[in-house]
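**Q**
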Amino acid sequence: MPEVIFKATWKTSLNAINGILIPLRTLLRLIWNRREAFSFEYNKLKSRLETLQKSQRYFMGEEIATLSFKELQQLEQRLDNALRKIRSRKNKLMFASITDHQRKEKALQEENNDLKKQIKVMELTLSLSEQHVQNSPSLPPLETLPIPNISPVSPVMDTFLQPTTRENPDLDLSTEFRVK
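For what it's worth, the numbering used here labels the leading residue of the sequence shown as 1119, then goes sequentially.
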């Protein structure tokens, strides 16, 4: 009877070991395959790096004497393509910059025109107040007149104040203004 127990435990142990070994072997195969894939990828990237470094040296004008005529033509074509892309990018950036500067110039011109209109209105107001002071000697001279607050969006900006005359200016010393 002890032999039967021993055989049963031996078979159970072997099954347990095989249960562990089979996944372990599979895992080792996967690791080995990955290692080979990584090794292949590494070699491929290393080769690409060497090619790029060699191309860079050619672009910089180094080691050109070793190139064949066909390789020189290919290098020239690659340089032409690179220059074409660079010029295209430069032109796009310059066009965007010009457009932006034109927009800013237009805004500054509009602001300048608004300021000119405000100055004209202030000058007109000042000249009219001086005329009023000169026409009415009985009034004491005014130090300063308040400057009207005219915003750039005011509809009055495009109009100018014009003095009106009365039929009998000797009797009435006030001056009226109308919007023209």
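Cβ coordinates follow ideal geometry from the N, Cα and C atoms, glycine included.
(1) Taking just the CA atoms, how far does N1231 sit from D1198?
(2) What alpha helix (DSSP H) runs, 4 residues minimum, are completely inside the stretch 1157-1209?
(3) Please classify S1254: does DSSP put it in a helix, a strand, or coil?
(4) Where does Y1176 land, buried or exposed, given buried means 16+ other C-beta within 10 angstroms?
(5) Taking 8 Å as the threshold (C-beta atoms), are L1201 and L1193 in contact?
**A** From the atom records:
(1) D1198 and N1231 have their C-alpha atoms some 49 Å from each other.
(2) Assignment of alpha helix (DSSP H) within the stretch 1157-1209, counting only whole runs of 4 or more residues, yields no such run.
(3) Three-state DSSP puts S1254 in coil, outside helix and strand.
(4) Counting the other CB atoms within 10 Å of its CB gives Y1176 a total of 16 or more, which places it among the buried residues.
(5) For L1193 and L1201, no; Cβs fall outside 8 Å.
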